[in-house]
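Residue numbers (UniProt numbering): 1 to 295. Beta carbons are placed, not taken as given, at the ideal position from N, Cα and C, and that holds for glycine. Notes for the one structure printed next.
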């Protein structure tokens, strides 16, 4: 396992400098539309046939939920207190261009699960970040059709994408790669009063993912940019976990940036104390699946 601090972050060829807003790939038109939909308080009142007050309450919870992941905060506290190893990724890379996809396939992994925002796309965008296209194509060639999917806390999450519109748009944009729908609100009383229950990473089980791939999570790779959501969720359920640097920080809320800094401080501290990620049966050495991207 390569400690996060050991990677010369922000100094790799063609890598985004998150501290500069001008270096962030600009939002596409549909990405801007997605952001406006998150902030708009009127659209769902017509579609859902509910009062404007209830609609405003629902939209307020949606906007707040995308700014603050309650389950992620609970995960941070729980992991810090009892299981730091769950926050340690098996592989840490600047972005997916540094992943050797054919090597992962040769090791016996049967599929790859990607996070969306800041892993494959800029925040709020529904288009693949262009520099990642060659690596994404290589991943698709290394793994057979149907062996790659997106599991996001935005597109495809019933709480924020109830009709699956963003999931469908993303699927079309990235060549038909499936976006897993998840996070149903099961409590009828809560649903009636639009009190949304968060069933999103790192909470919940891996059943939706395992059902789609038809194999246990231990044969799958989880790729994401968030330590206490993507990595903790993946390690908790037995995935091989790959942590990437965020593609663009300028579009993220201030609170999210601050949480990222806290995550990094904690993880680097745990590495220094000798903690290691959970052992994975298919991976003996992290370096065998990391390679420098071709120029």
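Going by Cα to Cα distance, which pick from 88, 127, 240 and 79 is closest to residue 276?
Position 276 of the chain shown, counted from the start, is the residue given in the question as residue 276. Here the closest residue by C-alpha is 88.
With H, G and I counted as helix, E and B as strand and the rest as coil, what does DSSP make of residue 292?
Numbered from its first residue, the chain shown carries residue 292 at position 292. Coil.
In the DSSP assignment, the alpha helix (DSSP H) including residue 296 goes from what residue to what residue?
Lying before the first or after the last residue shown, residue 296 is absent from the chain, which here runs from 1 to 295.
Applying the 10 Å Cβ sphere with the 16-neighbour rule, what's the burial state of residue 254?
One-based indexing of the chain shown puts residue 254 at position 254. Label assigned to residue 254: exposed.
When the Cα of residue 282 is compared with those of 221, 256 and 236, which residue comes out closest?
Counting from one through the chain shown, the residue named residue 282 turns up at place 282. For the residues 221, 256 and 236, the minimum Cα distance to residue 282 belongs to 221.
Drop a sphere of 10 angstroms on the beta-carbon of residue 224, count the other beta-carbons inside from all chains shown, and report buried for 16 or more, exposed for fewer.
On the chain shown, residue 224 is found 224 positions in, with the first residue counted as 1. By the 10 Å Cβ count, residue 224 comes out buried.
Based on the DSSP output, what are the partners of residue 178 in its beta bridges?
The residue you call residue 178 lines up with position 178 of the chain shown. Under DSSP, residue 178 forms a beta bridge with 149.
Based on Cα-Cα distance, which residue from 238, 141 and 121 lies nearest to residue 169?
Working through the chain shown from its first residue, we reach residue 169 at position 169. The shortest C-alpha separation from residue 169 is found at 121.
For residue 282, does the three-state DSSP call read helix, strand or coil?
Here residue 282 refers to the residue found at position 282 when the chain shown is read from its first residue. Reduced to three states, the DSSP call for residue 282 is coil.
Give the range of the beta strand (DSSP E) segment to which residue 112 is assigned.
As a working note, residue 112 is residue 112 in the chain shown. Note, residue 112: beta strand (DSSP E), 111 to 114.
Please name the residue or residues paired with residue 117 in a DSSP beta bridge.
The count along the chain shown starts at 1 and reaches residue 117 at position 117. Residue 117 pairs with 121.
Where does residue 206 land, buried or exposed, given buried means 16+ other C-beta within 10 angstroms?
As a working note, residue 206 is residue 206 in the chain shown. With 16 or more Cβ atoms within 10 Å of its Cβ, residue 206 is classed as buried.
In the DSSP assignment, find the unbroken alpha helix (DSSP H) run with residue 135 in it and report its ends.
In the chain shown, the residue the question calls residue 135 occupies position 135. Residue 135 -> alpha helix (DSSP H) spans 133 to 142.
Comparing C-alpha positions only, which one of 132, 93, 243 and 213 sits nearest to residue 111?
Counted from its first residue, the chain shown places residue 111 at position 111. Checked all of 132, 93, 243 and 213; the closest Cα to residue 111 is 213.
Would you mind giving the Cβ-Cβ distance between residue 154 and residue 116, rounded to the nearest angstrom? I have them listed as a contact below 8 Å.
For the purposes of this step, residue 154 is taken as the residue at position 154 of the chain shown. For the purposes of this step, residue 116 is taken as the residue at position 116 of the chain shown. That pair is a contact at about 6 Å.
Beta-carbon gap between residue 235 and residue 138 smaller than 8 Å
Locating residue 235 in the chain shown gives position 235, counting from the first residue. Locating residue 138 in the chain shown gives position 138, counting from the first residue. No. Outside cutoff.
With distance defined between alpha-carbon atoms, name the residue in 210, 251, 270 and 232 nearest to residue 243.
For the purposes of this step, residue 243 is taken as residue 243 along the chain shown, with counting starting at 1. Comparing Cα-Cα distances from residue 243 to each of 210, 251, 270 and 232, the minimum goes to 232.
Hey, how far is the Cα of residue 84 from the Cα of residue 260?
Within the chain shown, numbered from 1, the residue matching residue 84 stands at position 84. Within the chain shown, numbered from 1, the residue matching residue 260 stands at position 260. When rounded, the distance between both Cα atoms is 16 Å.
So, with DSSP's three-state summary, where would you put residue 247?
Here residue 247 refers to the residue found at position 247 when the chain shown is read from its first residue. DSSP places residue 247 in coil when its eight states are reduced to three.
For residue 97, which residues in the same chain have their Cβ closer than 6 Å to its Cβ, ignoring the five residues on either side in sequence?
Your numbering for residue 97 matches position 97 in the chain shown. Here the set comprises 135 and 293.
To the nearest angstrom, how far is it from the Cα of residue 246 to the Cα of residue 216?
Here the question's residue 246 lines up with position 246 in the chain shown. Here the question's residue 216 lines up with position 216 in the chain shown. The alpha-carbon atoms of residue 246 and residue 216 are separated by roughly 28 Å.
For residue 179, which residues of its own chain have a beta-carbon under 6 Å away from its beta-carbon, when the five flanking residues on both sides are left out?
Taking the chain shown and counting its residues from 1, one reaches residue 179 at position 179. For residue 179, where only same-chain residues beyond five positions count, the Cβ hits under 6 Å are 150, 155, 156, 167, 170 and 171.
Whole-angstrom Cβ separation of residue 173 and residue 126, contact assumed at under 8 Å?
Numbered from its first residue, the chain shown carries residue 173 at position 173. Numbered from its first residue, the chain shown carries residue 126 at position 126. About 5 Å; that satisfies the 8 Å criterion.
Could you check the C-alpha separation between residue 256 and residue 211 for me, to the nearest Å?
Here residue 256 refers to the residue found at position 256 of the chain shown. Here residue 211 refers to the residue found at position 211 of the chain shown. A direct Cα-Cα distance of roughly 31 Å separates residue 256 from residue 211.
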